[in-house]
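**Q**
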Amino acid sequence: MRSTANAPTGYGATAIALHWVIALAIFAAFGLGLYMTGIPGLTPTKLKLYSWHKWLGVTIFAVAVLRVLWRATHAAPPVAPGTPAWQAKAAAGAHHLLYLLIVTVPISGYLYSSAAGVPVVYLGLWKMPALLEKNDELKEILKFVHIWLNYLMAAVVVVHAAAAVKHQFVDRDGTLGRMLPFLR
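Every letter in the sequence shown is one number past the one before it in UniProt numbering, and letter 169, counting from 1, is 169.
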């Protein structure tokens, strides 16, 4: 059985589970966001997809808070021996940026919905409070912020994944195996 705590050679089961739950939910929310915004007009299908996108956003936020709390109380395993200092610093910076984005992207979407005057009803059951009054000018600003924060996150995720693959298959230092234990 895998330990829930992080070890010197890899992340524990809790960190791995939180990482992959958030990663999969972000991929789903991003793909859904791209797809739904491309649907012309205001159709029942588009409205349903917007609801699902919002539900994913609220879920991502909740799990992200858990992940940030977990990370704040459990040190990450050290980087692979021989990793250049600049790469270790770049990895730490990318991780901090990803933590920031997994929290701020859902917040920006939630604020965008509030400014648009469109409620978020989580799972179709719980109407969440609007944090802002309806405001068309602010809505446009928040829409822009939400979209571009998503694109920034996508770019950072691509670099993060490419670096992990490079470390695993070019450097052969086992970095990817820290989040995918079957590669160890």
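Note that the Cβ used here is the ideal one computed from N, Cα and C, for glycine as well. Predicted model only: the values in this text are computed from it and were never measured.
Return the CA-CA distance between Ile26 and Leu56, expressed in angstroms with no decimal places.
**A** In the sequence shown, counting from the first residue as 1, residue 26 sits at position 26. In the sequence shown, counting from the first residue as 1, residue 56 sits at position 56. Computed Cα separation, rounded: 8 Å.
**Q** Rounded to whole angstroms, what is the Cα-Cα separation between Trp52 and Pro84?
**A** Here residue 52 refers to the residue found at position 52 when the sequence shown is read from its first residue. Here residue 84 refers to the residue found at position 84 when the sequence shown is read from its first residue. Trp52 and Pro84 have their C-alpha atoms some 42 Å from each other.
**Q** Using the DSSP secondary-structure output, state which residues sit across from Val121 in a beta bridge.
**A** Counting from 1 along the sequence shown, the entry for residue 121 is found at position 121. Val121 pairs with Lys127.
**Q** Rounded to the nearest angstrom, how far is the Cβ of Phe61 from that of Val103, given a contact under 8 Å?
**A** Translated into the one-based positions of the sequence shown, residue 61 becomes position 61. Translated into the one-based positions of the sequence shown, residue 103 becomes position 103. Between Val103 and Phe61 the Cβ distance is about 7 Å, and since that is below 8 Å, they are a contact.
**Q** Report the rounded CA-to-CA distance for Leu131 versus Leu152, giving the unit in angstroms.
**A** The residue given as residue 131 occupies position 131 in the sequence shown. The residue given as residue 152 occupies position 152 in the sequence shown. Cα to Cα, the separation comes out at about 24 Å.
**Q** Could you tell me how far apart the beta carbons of Ala64 and Gly174 are, in whole angstroms, since I believe they sit closer than 8 Å?
**A** Locating residue 64 in the sequence shown gives position 64, counting from the first residue. Locating residue 174 in the sequence shown gives position 174, counting from the first residue. Incorrect: roughly 27 Å between the Cβ atoms, too far for contact.
**Q** So what does DSSP say about Met29, is it helix, strand or coil?
**A** Locating residue 29 in the sequence shown gives position 29, counting from the first residue. The question names Met, yet the displayed sequence has Ala at residue 29. Residue state, collapsed to three classes: helix.
**Q** Specify whether the segment 156 to 166 and the segment 88 to 102 touch according to this definition: at least 3 beta carbon pairs, one from each stretch, less than 8 Å apart.
**A** yes
**Q** When burial is assigned at 16 or more other CB atoms within 10 Å of the CB, is Tyr112 buried or exposed?
**A** Along the sequence shown, one-based indexing puts residue 112 at 112. It counts as buried.
**Q** Apply the 10 Å Cβ neighbour rule to Ala7 and answer buried if 16 or more other Cβ atoms are within range, or exposed otherwise.
**A** Position 7 of the sequence shown holds residue 7. With fewer than 16 other Cβ atoms within 10 Å, it is exposed.
**Q** So, is Leu69 buried or exposed, given that buried needs 16 or more other C-beta atoms within 10 angstroms?
**A** Residue mapping note: residue 69 aligns to position 69 of the sequence shown, counting from 1. Under this definition Leu69 is an exposed residue.
**Q** Can Leu111 be considered in contact with the ligand HEM, in the sense that its beta carbon sits closer than 8 Å to one or more heavy atoms?
**A** Absence of the ligand HEM is noted for the structure shown, with no ligands found whatsoever.
**Q** Please work out which residues of its chain come closer than 6 Å, Cβ to Cβ, to Ala5, disregarding the five sequence neighbours upstream and downstream, and give them in chain order.
**A** Mapped onto the sequence shown, residue 5 falls at position 5. Contacts found: Gly12.
**Q** If you measure between the beta carbons of Lys54 and Tyr110, is that distance less than 9 Å?
**A** Translated into the one-based positions of the sequence shown, residue 54 becomes position 54. Translated into the one-based positions of the sequence shown, residue 110 becomes position 110. A contact, by the Cβ cut-off of 9 Å.
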